[in-house]
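These protein sequences, in sequence, are chains A and B. Take the first sequence: its position 38, counting from 1, is numbered 39 in the working numbering, and each next residue is one higher. Take the second sequence: its position 12, counting from 1, is numbered 970 in the working numbering, and each next residue is one higher. Ideal Cβ placement from N, Cα and C applies to all residues, glycine included. As the structure is a computational prediction, the values presented were derived from the model and not from experiment. All remarks here apply to the structure that follows.
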Amino acid sequence: MVVDIAGFQVADWVALVPSLILGVTAMLLFIVDSIEPRPGTSSNTVLAGLSTLGALGAFLVAGYFLVLGVGQPRGTGAVDLFNGQLVVDGMSLFFVVIVGSVTALVTLASYDYLEGQEYQAEYYGLVIMAATGMSLMASANSLATIFVSLELSSLPSYALVAFLKKNRGSVEGGLKYLLVGALSSSVLVYGISLVYAASGSLQLNAVADALAGGSSVPVGILGVGIIMVLLGFAFKTASVPFHFWAPEAYEGAPAPVSAFLSSASKAAGFVVAFRVFLTAFPEVGGLAGGDPMVDWVTAVTVLAVVTMTVGNFAAATQEKVKRMLAYSSVGHAGYALIGLAALNAPDQGFVLGASMMHLLVYGFMNTGAFLFIALTEHWGIGRTFQDFNGLSTQAPLACAAMTVFLFSLAGLPIGGGFISKLYLLAATAQAGSWLLGAALIVNSALSLFYYSRVVKAMWIEDPSADLEVDSYPSSLYAAVVIAAFVTFALLPAFGLLSPSAFDAASVLFG
Amino acid sequence: MSNPWIAIGALALVALAIPLSMMAVSSLLRPSVPEQGKRAVYESGEVPTGDTRIKFNIQYYMVALLFVVFDIETVLIFPWTVIYQDAVANVGLAEALVPMLAFIGILVIGLGWAWRNGAVKWVRSPRAQAQRVEQ
């Protein structure tokens, strides 16, 4: 097979280069660690540099492919690989961009965070392998490859959450994450088996073809299968009902890992959910007109509203900043679910594109917020809101960045989060789903309350006497500032990127 | 139209009946010679020592993990070797050989990493040493 990329006739697997870069980087990390195997002897600079370069490479190549039109109708058209087991299209490249940028920020920040830790090579190796799995999730086009790539991203994540082996919270979070993950994986694989029983195939397009007939499909089996698959993805995206690992794991894990999981891993879960439900089950859900056989759109609507509400109300009652961010990340999963819940709208590409753009903006602002927490952990100041009192007197730049993140997360017009939420609201309005729209507005207003508690503590409260910041770790600072800059820049630049999201999304609706 | 489940049910009945009848017949026919050696725990012909609740060295786990690497490798290489000649004739040497070399290369990197990090070095834990059953 040969495709035409920027005028060059190349083999079709070249379209998969962003994922391959991540895979090769993981292998290189293994080799580097094999040279100096004793824990703590490999150079942190080499490891962090290699991982950051690899993630950055994947990000840049995926972005360049998006610009060139690889996988998109104006370029090569969707590139099917390995008999349709993997597909490279606009949506997969868009999500590789998200995963790659988040991974690059996280590995950059980890350079300072991991200083003095043992097992640094293992840390970077696990991060890059998880990122490889996430980028493959974006391309997976069959239930089998989806499951394998989902596990490839999950298994390293369990180990990463428990990375601080001597820290109770870290180990406890890791164990809970592993147990909930094992449960939801089994639910997912059972759902996949039921879908296979009802349709006779695993490849998503073939599933859609088999289910298009209508009359001979066993609706009961298929319905249970679809709901179980949906629940399996709820784990990866930290949505209700499999959200309860999130606060424990995000709070216990090293903060860069929390940033990685709550941004990149969540985005990867969403791309899989989008692809499965829009490639395999559009007719079943009644999106092609006619009555739905299995009304998963309503099921997702319920999940979206419950997830938003649970996440935001739980976040409002927290005393620890990191845990508050963890619950707010659950709430944001609810916002992103609108992309599937509001698909009754006439312009479906707009609805899905709005959700994709929200995940892109969220990737930067949420990663940044967690990396700021990493910074405070590096300084050794406490975890509660009071511990942040007067922090701006010591570290004004980082606090300004954090303010941008928090207000953008809340949806104020200081970062891209404002426009992406506005688009989501427009999507619910198009679909005529007043329930989703109202839930979005009420929850965003509530979120402003608890985000501004942090801002108030940092800027208005007086610092306690012993608050002292003694070091300014450069790579952590750089990661936080870059994330803040991009979050802010996405406000004016939103219109530059959103067409690619809307194009990528509308292709799925053929 | 006979229900196909009848045949499966009959098969299940036979599957239960054969072992039960064999056990019943042999208990009727065999002579009863009770003896010490017959009541002992069977440990592959070895003389049994100690009870089953001993702590295994964590190293067994490492070896088992490495075994999985080679096991999966074998499962995937076997069918490849069978069709290799035809594959070379059809798609050429590069497409038949290079993917398998890449696959084995990835596994070799993993194995080399595990080796360098001491996964196959047999460490003795002091606690397991202390609890070892004296022969």
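### Query
How big is the Cα-Cα spacing for residue 131 of chain A and residue 231 of chain A?
In this structure, the alpha-carbon of residue 131 of chain A lies about 21 Å from that of residue 231 of chain A.
### Query
Counting only beta-carbon atoms, is residue 1016 of chain B nearer than 8 Å to chain A?
Taking Cβ atoms only, chain A never reaches closer than 8 Å to residue 1016 of chain B, which makes this a no.
### Query
If we ignore side chains and look at the alpha-carbon of each, how far apart do residue 185 of chain A and residue 345 of chain A end up?
Their backbone Cα atoms lie some 28 Å apart in a straight line.
### Message
DSSP three-state label for residue 1001 of chain B, please.
### Response
Strand at residue 1001 of chain B.
### Query
So, is the C-beta of residue 83 of chain A closer than 8 Å to a C-beta in chain B?
Look at residue 83 of chain A: its C-beta is not under 8 Å from any C-beta on chain B.
### Query
What does residue 1068 of chain B touch in chain A if you count any residue whose Cβ is under 8 Å from its own?
Going along chain A in sequence order, the residues near residue 1068 of chain B (Cβ under 8 Å) are 31.
### Query
Using DSSP with H/G/I as helix, E/B as strand and the rest coil, what is residue 66 of chain A?
DSSP places residue 66 of chain A in helix when its eight states are reduced to three.
### Message
When you compare the CB of residue 34 of chain A with every CB in chain B, is at least one pair closer than 8 Å?
### Response
Yes, residue 34 of chain A lies at the interface with chain B (some Cβ there is under 8 Å from its Cβ).
### Task
Taking only the alpha-carbon atoms, compute the straight-line gap between residue 36 of chain A and residue 60 of chain A and give it to the nearest angstrom.
Their Cα atoms are separated by approximately 28 Å.
### Query
How long is the line joining the alpha carbons of residue 218 of chain A and residue 287 of chain A, rounded to whole angstroms?
Near 15 Å, if we compare the C-alpha coordinates of residue 287 of chain A and residue 218 of chain A.
### Task
Determine, using beta carbons only, whether residue 140 of chain A and residue 208 of chain A come nearer to each other than 8 Å.
It is not a contact, given that the beta carbons lie outside the stated cut-off.
### Message
Suppose contacts are defined by Cβ-Cβ distances below 8 Å. Is residue 271 of chain A in contact with residue 337 of chain A by that definition?
### Response
A contact, by the Cβ cut-off of 8 Å.
### Task
With distances taken Cα to Cα, identify the nearest neighbour of residue 11 of chain A among A/77, A/38, A/34, A/27.
Taking residue 11 of chain A as reference, the option from A/77, A/38, A/34, A/27 with the minimal CA-CA separation is A/77.
### Query
What distance in whole Å lies between the Cβ atoms of residue 354 of chain A and residue 335 of chain A, which are believed to be in contact at a cut-off of 8 Å?
The beta-carbon distance between residue 335 of chain A and residue 354 of chain A, rounded to whole angstroms, is 18 Å. This is too long to meet the 8 Å contact definition.
### Message
Can you pull the chain B neighbours of residue 219 of chain A, defined as C-beta to C-beta under 7 Å?
### Response
Within 7 Å Cβ-Cβ: nothing; residue 219 of chain A doesn't reach chain B, min ~17 Å.
### Sequence-distant residues of its chain with Cβ nearer than 6 Å to residue 259 of chain A (five each side left out)
Closer than 6 Å at the Cβ level, and outside the excluded window around residue 259 of chain A, lie 251, 371.
### Message
Please return the same chain residues whose Cβ sits closer than 8 Å to the Cβ of residue 366 of chain A, not counting the five positions on each side in sequence.
### Response
These residues qualify, in order along the chain: 405, 406, 409, 410, 416, 417, 418, 484, 488.
### Task
Answer yes or no: does any C-beta atom of chain A fall closer than 8 Å to that of residue 1071 of chain B?
It does: the Cβ of residue 1071 of chain B has a partner Cβ on chain A nearer than 8 Å.
### Task
Taking all protein chains shown into account, decide if residue 233 of chain A is buried (16 or more other Cβ within 10 angstroms of its Cβ) or exposed.
With 16 or more other Cβ atoms within 10 Å, it is buried.
#### Entry: Pairwise C-alpha distance: residue 990 of chain B and residue 180 of chain A
C-alpha of residue 180 of chain A to C-alpha of residue 990 of chain B: approximately 51 Å in a straight line.
### Message
Taking only three categories from DSSP, how would you classify residue 1093 of chain B?
### Response
In this prediction, residue 1093 of chain B scores a pLDDT of 46, lower than 50, which makes its location untrustworthy; no coordinate-derived value is stated.
### Task
Confirm, please, whether the CB-CB distance from residue 480 of chain A to residue 57 of chain A is below 8 Å.
No, they are not a contact pair.
### Task
Apply the 10 Å Cβ neighbour rule to residue 980 of chain B and answer buried if 16 or more other Cβ atoms are within range, or exposed otherwise.
Exposed is the call here.
### Query
Listing by chain order, which chain A residues have their CB less than 7 Å from the CB of residue 1075 of chain B?
Taking a Cβ-Cβ threshold of 7 Å, the residues of chain A close to residue 1075 of chain B are 38, in chain order.
### Query
Taking all protein chains shown into account, do 16 or more other C-beta atoms lie within 10 angstroms of the C-beta of residue 517 of chain A, making it buried, or fewer, making it exposed?
Since the first and last residues shown for chain A are 2 and 511, residue 517 of chain A lies out of range.
### Task
Just grab the DSSP bridge partners of residue 385 of chain A for me.
A/321, per the DSSP bridge assignment.
### Rounded distance between the beta-carbons of residue 138 of chain A and residue 273 of chain A, thought under 8 Å
Distance from residue 273 of chain A to residue 138 of chain A at the Cβ level is roughly 5 Å; contact confirmed, criterion being Cβ atoms closer than 8 Å.
### alpha helix (DSSP H) segment containing residue 1055 of chain B, residue limits
Segment 1051-1074, the alpha helix (DSSP H) holding residue 1055 of chain B.
### Beta-carbon spacing of residue 391 of chain A, residue 462 of chain A below 8 Å
Yes, these two residues count as a Cβ contact at 8 Å.
### Task
Could you list which residues in chain A have their beta carbon closer than 9 Å to that of residue 1064 of chain B, in chain order?
Chain-order list of chain A residues neighbouring residue 1064 of chain B: 24, 28, by C-beta distance under 9 Å.
### Query
Just reading off the beta strand (DSSP E) that residue 9 of chain A is part of, what are its end residues?
Here the beta strand (DSSP E) through residue 9 of chain A covers 9-12.
### Query
So residue 20 of chain A packs on residue 97 of chain A, CB below 8 Å; how close in whole Å?
Indeed they touch by this definition, with Cβ atoms about 7 Å apart.
### Query
Among A/123, A/247, A/143, A/17, which has the Cα closest to the Cα of residue 84 of chain A?
When only C-alpha atoms are compared, the closest one is A/143.
### Beta-carbon proximity list for residue 440 of chain A, same chain, < 6 Å, skipping 5 on both sides
306, 309.
### Query
Any chance the segment 109-125 of chain A sits against the segment 276-286 of chain A, with 3 or more Cβ pairs inside 8 Å?
With a cut-off of 8 Å, the segment 276-286 of chain A and the segment 109-125 of chain A do not count as touching, because too few Cβ pairs lie within range.
#### Entry: Residues near residue 247 of chain A by beta carbon distance below 8 Å, same chain, minus five either side
Excluding residues within five positions, the ones whose Cβ falls inside 8 Å are 239, 263, 327, 328, 330, 331.
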